[in-house]
Amino acid sequence: MNRYKVCVYAICKNEEKFVDRWMDSVSEADMVVVTDTGSTDSSVEKLRARSAVVYQEIISPWRFDVARNTAMDHVPEDVDICVSSDIDEVFEPGWRQKLEDAWQPCYTRARYLFVWDHNSDGSPKKQFAMEKIHRRHGFRWVHPVHEVLEYSGPDEDRTVWIRGLVLHHYPDPTKKRTQYLPLLELSAQENPNDDRTVFWLGREYMYYGMHDKCIETLKRHLELSSAKWDEERCASMRFIARSYQAKGDRREAYKWLLRAIAECPRVREPYLQMARLGYLENNWPLVYVMTLRALQITEKSGSYLVEPDAWGFSLYDLGAISAYRLGLYEKSYEYAKIACEMEPGNERLKNNLELIKLKCKAGESDE
Numbered sequence: 012m013n014r015y016k017v018c019v020y021a022i023c024k025n026e027e028k029f030v031d032r033w034m035d036s037v038s039e040a041d042m043v044v045v046t047d048t049g050s051t052d053s054s055v056e057k058l059r060a061r062s063a064v065v066y067q068e069i070i071s072p073w074r075f076d077v078a079r080n081t082a083m084d085h086v087p088e089d090v091d092i093c094v095s096s097d098i099d100e101v102f103e104p105g106w107r108q109k110l111e112d113a114w115q116p117c118y119t120r121a122r123y124l125f126v127w128d129h130n131s132d133g134s135p136k137k138q139f140a141m142e143k144i145h146r147r148h149g150f151r152w153v154h155p156v157h158e159v160l161e162y163s164g165p166d167e168d169r170t171v172w173i174r175g176l177v178l179h180h181y182p183d184p185t186k187k188r189t190q191y192l193p194l195l196e197l198s199a200q201e202n203p204n205d206d207r208t209v210f211w212l213g214r215e216y217m218y219y220g221m222h223d224k225c226i227e228t229l230k231r232h233l234e235l236s237s238a239k240w241d242e243e244r245c246a247s248m249r250f251i252a253r254s255y256q257a258k259g260d261r262r263e264a265y266k267w268l269l270r271a272i273a274e275c276p277r278v279r280e281p282y283l284q285m286a287r288l289g290y291l292e293n294n295w296p297l298v299y300v301m302t303l304r305a306l307q308i309t310e311k312s313g314s315y316l317v318e319p320d321a322w323g324f325s326l327y328d329l330g331a332i333s334a335y336r337l338g339l340y341e342k343s344y345e346y347a348k349i350a351c352e353m354e355p356g357n358e359r360l361k362n363n364l365e366l367i368k369l370k371c372k373a374g375e376s377d378e
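First residue of the sequence shown: 12, per this note's numbering; consecutive thereafter.
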């Protein structure tokens with residue numbers, strides 16, 4: 012018998028193609044509450060046909076925090092545990108039991124594994140911890156975008172890790188993120204000293220190719236006294252380097268990548284970025300050393316800042332090329348073989364492997 016009353020709540024706009032999959036996923040909850048913010052397709056009808064309680068609200072001007080708070084306000088007061096989920100997400104079966112097994116009344120929120128992106132075979136490509144499960148009372152969503160849960164209850168804010176609870180994200184590729192930048196700019200205006208908001212804004216400027224603004228914003232992020240997380244500071248430095256490189260200033264790019272490595276030497280991303288920069292300048296000793304250093308790191312940090320490229324074939328590919336250029340043919344072959352195994356459909360990698368194999372055989376013949 013269930014110990015707690017669990018409610019899944021969500022916001023929705025034109026999600027009809029995901030409704031059945033999502034409702035199947037959240038069916039273990041006692042109830043499902045959805046706030047539709049202006050669908051013009053059959054989302055509302057399909058949700059109601061699947062027994063979701065649907066409210067229709069227009070949020071103007073649009074803010075994700077206001078929308079999610081509106082949705083939360085529709086959750087009945089007697090609910091014990093609220094589960095916030097987007098309709099393009101899917102829980103693995105059995106999530107309700109795992110949540111109940113771990114939850115105690117002293118907890119205020121729960122963390123669990125979130126698979127943000129997937130490989131073509133369905134395996135996780137990028138995953139990190141998420142915490143959108145929380146106690147019914149004492150929480151509000153804050154920030155216009157990249158919204159987070161803020162707790163203001165009377166007791167200690169305590170988080171429990173839900174072992175085995177996994178949520179998968181399958182985004183709609185047709186949906187654009189054009190609204191994110193103005194909402195992030197608004198968020199930074201409202202929260203100028205919030206380091207995470209400033210970081211996300213600088214990153215968004217980089218995505219848009221607004222490199223001067225990226226550099227200015229992320230330098231400000233690094234100056235904030237609250238910006239203490241080494242991995243995020245490292246990411247700021249990497250993005251500053253990327254923007255300087257895009258502007259044609261490789262000297263500054265090198266400087267910022269060296270700072271990034273010094274800031275957080277335990278993650279692969281700055282080494283990969285430095286190796287790629289060395290590749291552009293045919294600096295094969297640098298490329299080789301950077302790949303060696305990166306490959307010595309064998310565990311992912313588990314944060315949202317992990318870049319899949321740093322854990323794919325790229326480092327082995329760069330290692331193979333640089334080793335070949337340095338005359339280290341056996342090492343080059345070793346790396347090239349691994350790269351091909353990791354990316355078996357890549358013809359360039361296959362051709363490189365054959366070329367290196369021939370060079371190794373030629374070396375044996377010379378002996």
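Quick reminder that beta carbons are idealized off the backbone N, C-alpha and C, glycines included.
How close, in whole Å, do the beta carbons of aspartate 260 and leucine 235 come, if the pair is a contact with beta carbons under 8 Å? To locate residue 260, count along the sequence shown from 1; it is residue 249. To locate residue 235, count along the sequence shown from 1; it is residue 224. Contact flag wrong, Cβ pair sits at about 24 Å.
Cutting at 8 Å between CB atoms, please list the residues of its own chain near leucine 360, excluding the five before and the five after it. Along the sequence shown, one-based indexing puts residue 360 at 349. The answer, listed in chain order, is Phe324, Asp328, Ala347, Ala350, Cys351 and Glu354.
Can you pull the DSSP bridge partners for valine 159? On the sequence shown, residue 159 is found 148 positions in, with the first residue counted as 1. Paired residue(s): Val153.
Where serine 134 and valine 126 are concerned, what is the direct C-alpha to C-alpha distance, given to the nearest angstrom? Here the question's residue 134 lines up with position 123 in the sequence shown. Here the question's residue 126 lines up with position 115 in the sequence shown. The alpha-carbon atoms of serine 134 and valine 126 are separated by roughly 9 Å.
In whole angstroms, give me the CA-to-CA distance for glutamate 27 and methionine 83. Taking the first residue of the sequence shown as 1, we reach residue 27 at position 16. Taking the first residue of the sequence shown as 1, we reach residue 83 at position 72. Each residue's alpha carbon lies about 21 Å from the other.
With 16 as the cutoff for other CB atoms within 10 Å, does valine 45 come out buried or exposed? In the sequence shown, the residue the question calls residue 45 occupies position 34. Answer is buried; the Cβ neighbour count reaches 16.
Length of the line joining the Cα atoms of asparagine 362 and serine 312: The residue you call residue 362 lines up with position 351 of the sequence shown. The residue you call residue 312 lines up with position 301 of the sequence shown. About 33 Å.
Between the Cα of valine 19 and those of Ala40, Trp33, His145 and Gly49, spot the shortest distance and give me the residue it belongs to. Against the sequence shown, residue 19 aligns to sequence position 8. Residue Ala40 is the option with its Cα nearest to valine 19.
Alpha carbon to alpha carbon, how far is alanine 331 from glutamate 345? Give it in angstroms, no decimals. Position 334 of the sequence shown, counted from the start, is the residue given in the question as residue 345. Position 320 of the sequence shown, counted from the start, is the residue given in the question as residue 331. Whole-angstrom Cα-Cα distance: 8 Å.
Indicate whether the contact test is met: 3 or more Cβ pairs, each with one atom in the region 212-219 and one in the region 194-201, closer than 8 Å. Note that the region 212-219 touches the region 194-201; at least 3 beta-carbon pairs, one per stretch, sit closer than 8 Å.
Extent of the continuous alpha helix (DSSP H) to which alanine 224 belongs: Numbered from 1 along the sequence shown, position 213 holds the residue referred to as residue 224. Here residue 224 is lysine; the residue named in the question, alanine, does not match the sequence. It spans 222-234 - the alpha helix (DSSP H) in which lysine 224 sits, taken as one unbroken run.
Just the C-alpha distance for alanine 305 and lysine 224, rounded to the nearest angstrom, thanks. Counting from one through the sequence shown, the residue named residue 305 turns up at place 294. Counting from one through the sequence shown, the residue named residue 224 turns up at place 213. Spanning the two alpha carbons is a distance of roughly 30 Å.
Would a C-beta distance cut-off of 7 Å place threonine 119 and arginine 79 closer than the cut-off? Counting from one through the sequence shown, the residue named residue 119 turns up at place 108. Counting from one through the sequence shown, the residue named residue 79 turns up at place 68. No, these two residues do not count as a Cβ contact at 7 Å.
Per-residue burial, valine 159 [other beta carbons within 10 Å of its own, 16 or more giving buried]: As a position in the sequence shown, residue 159 is number 148, starting the count at 1. Flag for valine 159 reads exposed.
With distance defined between alpha-carbon atoms, name the residue in Leu268, Tyr340, Glu243 and Thr189 nearest to arginine 253. Translated into the one-based positions of the sequence shown, residue 253 becomes position 242. It is Leu268.
Can you tell which of Leu192, Pro165, Ser38 and Val43 has its C-alpha closest to the C-alpha of glutamate 103? Against the sequence shown, residue 103 aligns to sequence position 92. It is Ser38.
Report, in whole angstroms, the separation of the C-beta atoms of asparagine 13 and glutamate 111, which I expect to be a contact under 8 Å. Taking the sequence shown and counting its residues from 1, the one referred to as residue 13 is at position 2. Taking the sequence shown and counting its residues from 1, the one referred to as residue 111 is at position 100. So it is a contact: roughly 6 Å between Cβ atoms.
What's the gap between the Cα of alanine 113 and the Cα of tryptophan 172? Here residue 113 refers to the residue found at position 102 of the sequence shown. Here residue 172 refers to the residue found at position 161 of the sequence shown. Cα to Cα, the separation comes out at about 8 Å.
Nearest to histidine 222 (by Cα), restricted to the options Glu242, Ile70 and Ala257: Numbered from 1 along the sequence shown, position 211 holds the residue referred to as residue 222. Here the closest residue by C-alpha is Ala257.
On the DSSP bridge list, what partners appear for glutamine 138? Indexing the sequence shown from 1 puts residue 138 at position 127. DSSP output for glutamine 138 lists Val126 as bridge partner(s).
If you follow the alpha helix (DSSP H) that leucine 337 is part of, which residue opens it and which one closes it? Counting from one through the sequence shown, the residue named residue 337 turns up at place 326. Neither: leucine 337 is in no alpha helix (DSSP H) and is coded neither H nor E.
Going by DSSP, what residues sit across from glutamate 100 in a beta bridge? Here residue 100 is taken as the residue at index 89 of the sequence shown, counted from 1. Paired residue(s): His180.
Indicate the three-state DSSP secondary structure (helix, strand or coil) for arginine 120 in the structure shown. Here residue 120 is taken as the residue at index 109 of the sequence shown, counted from 1. Per DSSP, reduced to three states, the secondary structure at arginine 120 is strand.
Is it the case that the Cβ atoms of tyrosine 181 and aspartate 99 are separated by a distance below 7 Å? Translated into positions along the sequence shown, residue 181 becomes position 170. Translated into positions along the sequence shown, residue 99 becomes position 88. Contact check for tyrosine 181 against aspartate 99 passes: the beta carbons are separated by less than 7 Å.
So which of Glu274, Ala334, Gln307 and Arg270 has the shortest CA-CA distance to valine 298? On the sequence shown, position 287 is the one that residue 298 refers to. Looking at the Cα atoms, Ala334 is the closest of the given residues.
Closer than 6 Å by C-beta to glycine 175: which residues in its own chain qualify, once you throw out the five before and the five after it? Chain order, please. Within the sequence shown, residue 175 is the residue found at index 164, counting from 1. Here the set comprises Lys109.
Residues in the same chain with beta-carbon distance under 8 Å from glutamate 378, minus the five sequence neighbours each way, listed in chain order, please. In the sequence shown, the residue the question calls residue 378 occupies position 367. Residue placement at glutamate 378 is poorly supported in this model, since its pLDDT is 48, which falls under 50; the coordinates are not used for a value here.
Can you list, in chain order, the residues of its chain with a C-beta nearer than 6 Å to that of valine 17? Leave out the 5 residues immediately preceding and following it. For the purposes of this step, residue 17 is identified with residue 6 of the sequence shown, where counting begins at 1. Contacts found: Ala40, Asp41 and Ile92.
Should glutamate 358 go down as buried or exposed, given a rule of 16 or more other Cβ atoms within 10 Å for buried? One-based indexing of the sequence shown puts residue 358 at position 347. The residue is exposed, with fewer than 16 neighbouring Cβ atoms inside 10 Å.
With a CB to CB cut of under 6 Å and the five nearest residues on each side skipped, what residues in its chain are close to alanine 286? Taking the sequence shown and counting its residues from 1, one reaches residue 286 at position 275. Cβ neighbours of alanine 286 beyond the five flanking positions: Val298, Met301, Thr302 and Leu329.
Is the separation between the beta-carbon of proline 281 and that of arginine 244 shorter than 7 Å? For the purposes of this step, residue 281 is taken as the residue at position 270 of the sequence shown. For the purposes of this step, residue 244 is taken as the residue at position 233 of the sequence shown. No.
Count the other CB atoms, across all protein chains shown, that sit within 10 Å of the CB of cysteine 23; report buried if there are 16 or more and exposed otherwise. Within the sequence shown, the letter at position 12 stands for residue 23. Looking at its Cβ environment, which holds 16 or more other Cβ atoms inside 10 Å, cysteine 23 is buried.
From Asn202, Thr81, Met217 and Thr185, residue whose alpha carbon lies closest to that of phenylalanine 150: The sequence position of residue 150 within the sequence shown is 139, counting from 1. A check of alpha carbon separations from phenylalanine 150 across Asn202, Thr81, Met217 and Thr185 identifies Thr81 as the nearest.
Contacting residues, own chain, Cβ-Cβ under 7 Å from valine 86 (five flanking each side not counted): Your numbering for residue 86 matches position 75 in the sequence shown. For valine 86, where only same-chain residues beyond five positions count, the Cβ hits under 7 Å are Cys18, Tyr20, Val44, Cys93 and Arg147.
Out of Ser36, Pro184 and His157, which one is the CA nearest neighbour of glycine 105? Along the sequence shown, read from residue 1 onward, the residue named residue 105 stands at position 94. It is Ser36.
In the DSSP assignment, what residue or residues form a beta bridge with serine 95? In the sequence shown, the residue the question calls residue 95 occupies position 84. According to DSSP, serine 95 bridges with Tyr20.
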